[in-house]
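Only one structure is covered here, and it is reproduced in the block below.
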Amino acid sequence: MPQSTVLAIAASSVLLLAASGAANAQSSSRGDAANAGAGIYSCIDSKGRTITADRPIPDCIDREQRELNPSGTVKRKVDPTLTAKEQADREEKDRQAQAAALRAQEERRRERALLIRYPTPAAHDRERAEALAQIDAVIQAARKRLSELAVDRKKIDEELEFYAKDVSKAPSSIKRELDDIQQSVAVQNRFIGDQDDEKKRVNARFDDERARLSKLWPPQPAAAGVTPTGTSAKR
17 MPQSTVLAIA ASSVLLLAAS GAANAQSSSR GDAANAGAGI YSCIDSKGRT ITADRPIPDC
77 IDREQRELNP SGTVKRKVDP TLTAKEQADR EEKDRQAQAA ALRAQEERRR ERALLIRYPT
137 PAAHDRERAE ALAQIDAVIQ AARKRLSELA VDRKKIDEEL EFYAKDVSKA PSSIKRELDD
197 IQQSVAVQNR FIGDQDDEKK RVNARFDDER ARLSKLWPPQ PAAAGVTPTG TSAKR
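Residues 17 to 251 in my numbering are what the sequence shown lists, from first letter to last.
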């Protein structure tokens, strides 16, 4: 065999060996990378045994599992698989927690609004007094109207004295006037009753606000001659 042919065959063999070595090295590297990226799962089963595997553990499907890094540190926690009822219960619990958080947020917003509107007890007392004064003013007007109706009723009664023996003989105009007065008196009395109820509602609202604001206001200096309970000090 010519020497040139022998040299060509030798060179080809060297190239094949080099290529094979590179391929094996690349494959080994990919395997090492895959092993490095593989997760390690660990849990404690229902019998108290610690189980470790390279994938999620079926025996621990109903309990928390931990996925570990190759160093042994916790990479993440895997929640247990829930039944349909357990999932529904969890979702309901989450909804209730969210609703409670929204209520607390709304309560804080209302408290801030109250503090802006009533920065001091005096401001709150002043607005209560003004609200009640407005109601008292309309009640006073209704009572004034009742007084006027009483005068009109007295005049009607005086006219009816002429028909004391037989009221049926009284003119129909007087009877109509009497009916109108009686109806107006009833209307005014109902109106006054409604306003008295409104005063109770106003006082109840301000009492509720006062109870909440008393926890939000900074401590107030006591007025001279008044004890912390609001009663006059004995001398």
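Backbone N, C-alpha and C fix where the C-beta goes; we use that ideal spot for every residue, glycine too. Quantities reported herein were computed from a predicted structural model and do not represent experimental measurements.
Beta-bridge pairing of residue i - partner residues as DSSP gives them
i       : result
Gln-211 : DSSP output for Gln-211 lists no bridge partner at all.
Leu-84  : Ile-56 and Val-90
Ala-69  : Tyr-57
Where the alpha helix (DSSP H) containing residue i begins and where it ends
i       : result
Leu-176 : 137-176
Lys-109 : 100-133
Candidates the options: closest to residue i by CA position
i       : options                               : result
Leu-229 : Glu-80, Glu-102, Thr-99 and Ile-132   : Ile-132
Arg-192 : Arg-82, Arg-169 and Pro-96            : Arg-169
Gln-198 : Arg-226, Glu-225, Lys-185 and Ser-163 : Ser-163
Gly-55  : Arg-79, Asp-224, Asp-78 and Val-94    : Val-94
Leu-232 : Pro-137, Leu-118, Ile-208 and Arg-119 : Pro-137
Ala-145 : Asp-70, Ile-67 and Asn-219            : Asn-219
Ala-227 : Lys-160, Asp-141 and Thr-97           : Asp-141
Pro-86  : Arg-79, Pro-135, Thr-97 and Thr-68    : Thr-68
Ala-153 : Ile-73, Phe-207, Glu-122 and Ala-186  : Phe-207
Ile-77  : Arg-124, Ser-58, Pro-234 and Ile-151  : Ser-58
Asp-70  : Lys-109, Ile-190 and Leu-84           : Leu-84
Pro-234 : Val-167, Lys-160, Asp-212 and Tyr-134 : Tyr-134
Asp-195 : Gly-209, Ala-180 and Ile-172          : Ile-172
Ile-155 : Asp-75, Tyr-179, Asp-224 and Asp-213  : Asp-213
Arg-92  : Thr-99, Arg-82, Leu-98 and Ser-184    : Arg-82
Gly-209 : Gly-64, Gln-121, Gln-236 and Ile-151  : Ile-151
Asp-224 : Leu-130, Lys-101 and Lys-160          : Leu-130
C-beta contact flag for residue i and residue j at 7 Å
i       : j       : result
Ala-158 : Gln-204 : yes
Leu-165 : Ser-200 : yes
Pro-96  : Glu-107 : no
Ile-73  : Thr-66  : no
Cβ separation of residue i and residue j, assumed to be a contact under 8 Å, to the nearest whole Å
i      : j       : result
Leu-13 : Lys-215 : Because the chain is modelled from 17 through 251, residue 13 falls outside the range shown and cannot be assessed.
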